[in-house]
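Enquirer: Mapping of the sequence shown onto the numbering used here: position 338 corresponds to residue 354, and the numbering continues sequentially without gaps. Glycine included, every Cβ here is placed at the ideal spot set by N, Cα and C. Here the structure is a predicted model, which means the values were calculated and not measured. One structure is given below, represented as structure tokens, and several questions about it will come after.
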Amino acid sequence: MSRNTALALLILLLATAVRFHALGRQSFWNDEGNTARLSERSVRLILEGTASDIHPPLYYLILSGWQKLVGTSEFALRSFSAFAGVLTVLFTIQLGRWLDGWRVGLVAGLFTAVSPPLIYYSQEARMYSLLGLLAVASTYVFVQGLGTRDKGQGTRDMSPVPRPQSLILYTLLLTAGLYTHYFFPAIIAVHGLVAVSYWLLAISRSARQPLSTQHLPSALSTQYFSLLTFHFLLPTTLALLLYAPWLPIFWRSTGGGGAGWSLTGPFTAEALFWLLVGPIQHIDFIWVVLPLLFTFAVRRMTFIWPPRRGVFYAGVFVPILFMGAAGSVQPQHFKFLTTAVPPFLLIVALRVVGLWELRVTRQRDAYLVWFGRFAATLLAVPMLVGMGLLLRQLYTNPTYFRADYRGMAAEITAEAHPNAAVILNAPNQWEVFTYYYKGTAEVYPFPRFAAPPEQLIPELEQMAAEHGRIYALFWGEAGFDPQRTVESWLDANAFKAREEWRGDVRFVSYAVPPQTGDEMVTQLGYPVGEAITLAGYTLPQTAARPGDILPLTLFWETAAPISERYKVFVHLVNFEGVLVAQRDGEPVGNLRPTSSWVVGEAILDKHGLFLPADLPAGDYALLVGLYDLTDPARRLPITTAAGVVDALQLGIVSVE
17 MSRNTALALL ILLLATAVRF HALGRQSFWN DEGNTARLSE RSVRLILEGT
67 ASDIHPPLYY LILSGWQKLV GTSEFALRSF SAFAGVLTVL FTIQLGRWLD
117 GWRVGLVAGL FTAVSPPLIY YSQEARMYSL LGLLAVASTY VFVQGLGTRD
167 KGQGTRDMSP VPRPQSLILY TLLLTAGLYT HYFFPAIIAV HGLVAVSYWL
217 LAISRSARQP LSTQHLPSAL STQYFSLLTF HFLLPTTLAL LLYAPWLPIF
267 WRSTGGGGAG WSLTGPFTAE ALFWLLVGPI QHIDFIWVVL PLLFTFAVRR
317 MTFIWPPRRG VFYAGVFVPI LFMGAAGSVQ PQHFKFLTTA VPPFLLIVAL
367 RVVGLWELRV TRQRDAYLVW FGRFAATLLA VPMLVGMGLL LRQLYTNPTY
417 FRADYRGMAA EITAEAHPNA AVILNAPNQW EVFTYYYKGT AEVYPFPRFA
467 APPEQLIPEL EQMAAEHGRI YALFWGEAGF DPQRTVESWL DANAFKAREE
517 WRGDVRFVSY AVPPQTGDEM VTQLGYPVGE AITLAGYTLP QTAARPGDIL
567 PLTLFWETAA PISERYKVFV HLVNFEGVLV AQRDGEPVGN LRPTSSWVVG
617 EAILDKHGLF LPADLPAGDY ALLVGLYDLT DPARRLPITT AAGVVDALQL
667 GIVSVE
């Protein structure tokens, strides 16, 4: 085994380790739940399901067979993407080696092995890792047909006709890419651009002079046109013929074209930045970005600039151009650029190797050789360190964790409320939630297809009348419930007890007791601060058990407009003053901040206080008050008959 082969194997082992590390630790998120459910179906049902989806069927068909071999756990389903990610590294090494030698291939492979965006999508049960693999694999097979290296020109001569096996393999890879994702035509465009460039270059070199319009007749001759035909047009045509049954669905799913030209400088810069760091927007990215900025700062020093390869630059900028042309410039679309990460890192590898292999012809310039090696080290080492730091964030920082549907389902199951309901406010939460949840609570998909409020509210009223506790999983409200009808109704009519972010999903618990709490039971009339009055409250129960939600309604008024925003706190403390349960939030479930109160208006403010499951039996004091939203330590004084306090005791709660 050669040293280069051994190094390549070590890089592949590294790529495998970082992609399989903690692969099953996190829950599936929405789209992965859709993957898990869709891949459970038969081939016919997968084809029918994807025909109305925004993705073609190949990934789901492959995963359907994959799960029969390895199972349906998070680790099992994601492992296919992880293996695809490792193969992406392999083909990146081979692509760099084929075009520019082992050093470029190995350096590019090392960067690709620890690339944060590639690892992120190698650990997701979606098709983006496969998309990246098919992009680089098809590019590798494509460039192999460009011939052998011309040492003098730094280019490769096209052989007139590719080998049959290469033609078949290239056609199959193009077809697989088309059936994997609707963005794959961008890769075909990359190959087309390179093929035309090599075709014109071959004509120019045959004439031994720069290409001009006088070469057009010969360019169309059989001798030269066969280069373009057999290397690109024929396999692309065959792939399109194999894709023909799906073309009407492709056209319908993509809207027949782009949403409008959106390619801008800021978007392009953001896309290039994403190629380095992916979705991990942490300060550690500075170790990745600064070295590249350094090399661009010395761009005029051409003696340290390696030869460029058009296929790499086309592989980076054509996909970005496609995204801009389609109007797909939002951050959630950057995952399409898994296709562009390998060529981008190959460009970086070219830079590193070009600096390292710098040669000079004059003895007095010998210092430039050492400068080149220093610059190469200054580029490569901090980039690798930075990528490692970003991977640490990916593995350990909850900010970058996916939505924890597994944890939410487990929590609902553990609480085992005998009469609970679960609201899913986005249609594609159903698959992932039911993948995990096997309990008895009834699951309601609200709203259904953006139903109008006059239809939703009666359904919500009926549901609330039938259940004593409601769990709501809010995600993507802007798209499915832009008026926030569901949440607003629950906040105003139920008792919100908990609200937590689980990834990008808000997990909210409500109590729906038999008594609505709309009527004031205990009158107070206590001034709070300068303008607010706590008119009274309703506490329908003072006896509870661990796991219960204690309902409390507060009645507020204001004698003057309020410019500040205050939060209401509801605390349960033992007789040593230790806090055992709390609920903090702006009034009416955050719907009516104090700055929106109208003079003389009665504010009916419902709160639910969740009692922990391990809360010891005993008596506890229930305290309420207000504090400044921007300074929680600044509580408003409450003037009572007994004096001024910053937390008003409403009563004693007995926990059984």
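By DSSP, does Lys583 sit in helix, in strand, or in coil?
Expert: Three-state DSSP puts Lys583 in a strand.
Enquirer: Could you tell me which of Ser58, Ala100, Val327 sits nearest to Lys84, measuring between CA atoms?
Expert: Closest by alpha carbon: Ser58.
Enquirer: At what residues does the alpha helix (DSSP H) containing Tyr553 begin and finish?
Expert: Tyr553 -> not in any alpha helix (DSSP H); beta strand (DSSP E) instead, spanning 548-554.
Enquirer: Note down, in chain order, each residue of its chain lying with its Cβ closer than 7 Å to the Cβ of Thr191, except the 5 sequence neighbours on either side.
Expert: Ala255, Leu258, Tyr259
Enquirer: Let me check understanding here. Comparing Cα to Cα, which of Ala436, Ser525, Ser504, Trp491 lies closest to Gly484?
Expert: Ala436
Enquirer: Quick one: is the Cβ of Arg422 within less than 8 Å of any heavy atom of the ligand GTP?
Expert: As for the ligand GTP, it is missing from this structure, which has no ligand bound.
Enquirer: Counting pairs of Cβ atoms below 8 Å between the region 471-487 and the region 72-88, do you hit three or more?
Expert: no
Enquirer: Leaving out five residues on either side along the sequence, give the residues of the same chain with a beta carbon under 6 Å from the beta carbon of Glu447.
Expert: Gly49, Asn50, Arg53
Enquirer: Would you call Thr554 buried or exposed, if buried means 16 or more other Cβ atoms sit within 10 Å of its Cβ?
Expert: buried
Enquirer: Could you tell me how far apart the beta carbons of Ile135 and Val293 are, in whole angstroms, since I believe they sit closer than 8 Å?
Expert: Contact flag wrong, Cβ pair sits at about 11 Å.
Enquirer: What is the DSSP secondary structure of Phe338, counted as helix, strand or coil?
Expert: Three-state DSSP puts Phe338 in a helix.
Enquirer: The beta strand (DSSP E) that contains Arg485, what's its start and end?
Expert: 485-490
Enquirer: So, are the CB atoms of Val385 and Val120 less than 9 Å apart?
Expert: no
Enquirer: Verify whether the separation of the beta carbon atoms of Val206 and Gly112 is less than 9 Å.
Expert: no
Enquirer: Compute the Euclidean distance between the alpha carbons of Asp520 and Trp491, then round it to the nearest angstrom.
Expert: 7 Å
Enquirer: So, does the region 536-550 touch the region 405-416, judging by three or more C-beta pairs under 8 Å?
Expert: no
Enquirer: Quick one, are the C-beta atoms of Pro358 and Gly148 less than 9 Å apart?
Expert: yes
Enquirer: Under 8 Å, with one C-beta from each stretch per pair, do the region 335-343 and the region 83-97 reach the 3-pair mark?
Expert: no
Enquirer: In chain order, what are the residue ranges of uninterrupted beta strand (DSSP E) at least 3 long that sit wholly in the region 474-532?
Expert: 485-490, 511-518, 521-527
Enquirer: Closer than 8 Å is the cut-off here; do at least three beta carbon pairs connect the region 414-426 with the region 504-522?
Expert: yes
Enquirer: Is DSSP giving Pro461 helix, strand or coil here?
Expert: The three-state reading of DSSP puts Pro461 in strand, counting E and B together.
Enquirer: Are the region 586-600 and the region 612-620 touching by the rule of at least three beta carbon pairs closer than 8 Å?
Expert: no
Enquirer: Going by DSSP, what residue range makes up the alpha helix (DSSP H) through Leu103?
Expert: 90-116
Enquirer: In chain order, what residues of the same chain lie with their CB nearer than 7 Å to the CB of Val102, ignoring the 5 residues before and after it?
Expert: Leu28, Ala31, Thr32, Arg35
Enquirer: Going along the chain, which unbroken runs of the beta strand (DSSP E) with 3 or more residues stay wholly within the region 627-656?
Expert: 634-644, 654-656
Enquirer: For Ser670, which three-state DSSP category applies?
Expert: strand
Enquirer: Going by the beta-carbon positions, is the gap between Leu400 and Val130 smaller than 9 Å?
Expert: yes
Enquirer: Compute the Euclidean distance between the alpha carbons of Leu189 and Leu150, then round it to the nearest angstrom.
Expert: 6 Å
Enquirer: Have a look at Ile668 and Tyr460 and give me their C-alpha separation to the nearest angstrom.
Expert: 36 Å
Enquirer: Between the Cα of Val671 and those of Asp644, Gln557, Ala649, spot the shortest distance and give me the residue it belongs to.
Expert: Gln557
Enquirer: What is the DSSP secondary structure of Leu570, reduced to helix, strand or coil?
Expert: strand
Enquirer: Does DSSP classify Pro469 as helix, strand or coil?
Expert: DSSP, read as helix, strand or coil, puts Pro469 in helix.
Enquirer: Rounding to the nearest angstrom, what Cα-Cα distance links Thr610 and Ile548 in this structure?
Expert: Counting only the Cα atoms, Ile548 lies some 9 Å from Thr610.
Enquirer: Just list the alpha helix (DSSP H) runs in the region 48-91, keeping only unbroken ones of 4 residues or longer that don't cross its boundaries, in chain order.
Expert: 59-67, 74-86
Enquirer: In angstroms, rounded to a whole number, what distance separates the CA positions of Ala442 and Leu74?
Expert: For Ala442 and Leu74, the distance between alpha carbons rounds to 26 Å.
Enquirer: Assign Lys454 to one of two classes, buried (16 or more other C-beta atoms within 10 Å of its C-beta) or exposed (fewer than that).
Expert: exposed
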